[in-house]
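Top line first, the protein sequences correspond to chains R and Z. Numbering (full-length UniProt numbering) for the first sequence: 1 to 211. Numbering (full-length UniProt numbering) for the second sequence: 1 to 211. Read the structure below first, then the notes.
Number of protein chains: 2
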Amino acid sequence: MTLKLHCFGESGNSYKAALALELSGLDWEPVKVDFFGGQTRGEAFRADVNVMGEAPVLVDGEVKLTQSGVIQQYISDKTGKLGGAPEEKYEVLRWVLWDNHKLSSIAGMTRFLMNFLPEQHRSADVIGFNQGRLKAAYTVLDAHLDGREFIVGRNVTNADISCCGYLFYPEPFGFDRADWPNIDRWLSNLQGLEGWKHPYDLMPGSPADRA
Amino acid sequence: MTLKLHCFGESGNSYKAALALELSGLDWEPVKVDFFGGQTRGEAFRADVNVMGEAPVLVDGEVKLTQSGVIQQYISDKTGKLGGAPEEKYEVLRWVLWDNHKLSSIAGMTRFLMNFLPEQHRSADVIGFNQGRLKAAYTVLDAHLDGREFIVGRNVTNADISCCGYLFYPEPFGFDRADWPNIDRWLSNLQGLEGWKHPYDLMPGSPADRA
């Protein structure tokens with residue numbers, strides 16, 4: 001049975017689920033969420049799909065899961081892939097949680113504020129504050145990746161897929177690969193994986209649609 | 001062997017680990033982290049304890065774990081407690097991730113900005129923006145708790161312990177229990193659990209020490 005992922009191209013959190021599905025080799029198809037038309041903020045979406053009002057949502061028959069980190073765990077449980085070795089499970093979860101707390105959450109919001117929110121609603125203080133927090137996160141990740149090909153162990157895991165969620169997007173939010181050599185090399189490693197695709201090639205929806 | 005938790009009273013993320021240790025009945029003791037003296041930002045802490053520069057850190061013999069959600073998972077694996085029923089594991093993880101992304105991360109930062117950062121460094125725009133995000137998070141949690149005693153299933157799980165991380169603190173950050181009746185009732189349920197303690201009673205360090 002084909003898994004369905006409710007997602008949209010601009011969402012780095014959706015990308016984490018889509019990339020995990022693609023790299024694990026599962027049969028899946030995207031269902032476009034009309035985020036920019038307000039779908040996730042509507043009562044119907046909250047009542048029927050996700051009380052949290054967020055994408056992605058994975059549907060596998062009777063199973064419906066939300067939160068990208070949960071979907072990643074489900075994919076690993078189902079396929080045996082991307083979870084790392086058994087003794088690495090806490091280390092993989094550690095970086096998924098750190099990413100949700102310190103990296104993707106702030107990167108996604110800052111990218112939204114700088115690119116998708118109407119200019120008159122943007123606050124330079126808020127953007128600057130969040131870029132400062134992002135710089136601290138890049139510093140942690142770049143230091144950890146010194147001498148490593150992937151975040152945990154020797155192969156790609158959900159830790160990598162979580163942390164890279166927003167880092168391939170072209171829209172500016174205060175991240176330049178050239179500033180972070182270890183992160184840059186690691187992102188190239190991910191791009192070199194068989195099956196890797198850019199978010200705008202993997203999911204429907206991109207800023208070009210609304211131009 | 002007594003587990004050691006590197007923590008400090010003001011840290012809601014530390015509280016999540018400390019409360020899980022206490023409610024699970026494990027033998028543990030706190031080791032105070034001098035956050036306000038800069039310990040977590042120092043090179044020695046990053047090199048020896050946690051590259052992420054964060055508390056809490058759990059030490060169990062040769063095992064050293066960071067990220068409150070990882071420590072919670074470890075405690076559940078070790079004791080069989082607080083993880084929910086096997087079929088609830090994705091739902092527990094879902095709320096732990098949501099909390100890291102949307103609730104504790106923002107509550108902790110906003111409380112820091114409003115109470116612990118020198119006044120001249122505070123930005124009303126940044127505080128207001130984050131309080132708006134927090135209000136959206138309280139709305140999601142309050143709606144989910146309608147008709148429920150705990151977040152997942154009928155008993156306390158790591159989902160509850162994660163989401164309550166910052167909600168018992170007295171310092172203002174834009175949260176008033178009286179505004180959110182389902183959250184208020186749920187927090188009372190947690191306070192009624194055998195072994196429940198307030199963060200300042202469970203861990204060393206509180207604003208009173210620095211007054």
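Positions of the beta carbon are idealized from the N, C-alpha and C atoms, including for glycine.
Among R/Ile183, R/Asn115, R/Ala178, R/Arg111, which has the Cα closest to the Cα of R/Leu145? When the alpha-carbon of R/Leu145 is set against those of R/Ile183, R/Asn115, R/Ala178, R/Arg111, the nearest one is in R/Ile183.
Please determine, among Z/Phe175, Z/Glu149, Z/Arg154, Z/His121, the residue with the shortest C-alpha to C-alpha distance to Z/Arg133. With distances taken between Cα atoms, Z/Arg133 lies closest to Z/Phe175.
Nearest to R/Asn158 by alpha carbon, out of R/Arg41, R/Gln131, R/Gly69? R/Gly69
Residues of its chain near R/Leu187, where Cβ-Cβ distance is below 8 Å and the 5 sequence neighbours each way are ignored: Cys164, Leu167, Phe168, Arg177
What are the residues of the UniProt domain "GST C-terminal" (85 to 211) of chain Z that lie near chain A, defined by any Cβ-Cβ distance shorter than 7 Å? No chain A is part of this structure, whose protein chains are labelled R and Z.
Beta-carbon separation of Z/Met203 and Z/Phe35 under 8 Å? no
Roughly how many angstroms separate the alpha carbons of R/Arg122 and Z/Glu91, rounded to a whole number? Spanning the alpha carbons of R/Arg122 and Z/Glu91 requires a straight line of approximately 35 Å.
According to a CB-to-CB cut-off of less than 9 Å, which residues of the region 47 to 70 of chain R neighbour chain Z? Val51, Met52, Gly53, Glu54, Val63, Leu65, Thr66, Gln67, Ser68, Gly69, Val70
Classification of R/Met1 by the beta-carbon crowding that lies within 10 angstroms, buried from 16 upward: It is exposed - the Cβ of R/Met1 has fewer than 16 other Cβ atoms within 10 Å.
Could you check whether Z/Asn13 and Z/Gly83 sit closer than 8 Å to each other, using their CB atoms as the reference points? no
In chain R, which residues lie less than 9 Å from Z/Gln73 when you measure between Cβ atoms? Lys89, Tyr90, Leu93
Per DSSP, which residues does Z/Glu62 bridge with? Please list them. DSSP, once it has assigned bridges, lists no residue as partnering Z/Glu62.
Coarse secondary structure for Z/His6, derived from DSSP in three states: strand
Do you know offhand how far R/Ile106's Cα is from Z/Val63's? 30 Å
On the three-state DSSP scale, how would you describe Z/Pro172? Correct three-state label for Z/Pro172: coil.
Going by CA-CA distance only, name the one from R/Val51, R/Ile71, R/Gly42 that's closest to R/Ser162. R/Ile71
Of all the alpha helix (DSSP H) runs that stay within the bounds of the region 11 to 51 of chain Z, which reach a length of 4 or more residues? Restricting attention to alpha helix (DSSP H) runs no shorter than 4 residues, the region 11 to 51 of chain Z encloses them at 12 to 24, 43 to 48, ordered along the chain.
Going by C-alpha distance, which of R/Gly153, R/Asp160, R/Met52 is nearest R/Leu190? Ranking R/Gly153, R/Asp160, R/Met52 by Cα distance to R/Leu190 puts R/Asp160 first.
Within 8 Å, strictly: CB atoms of R/Thr110 and R/Ser24: no
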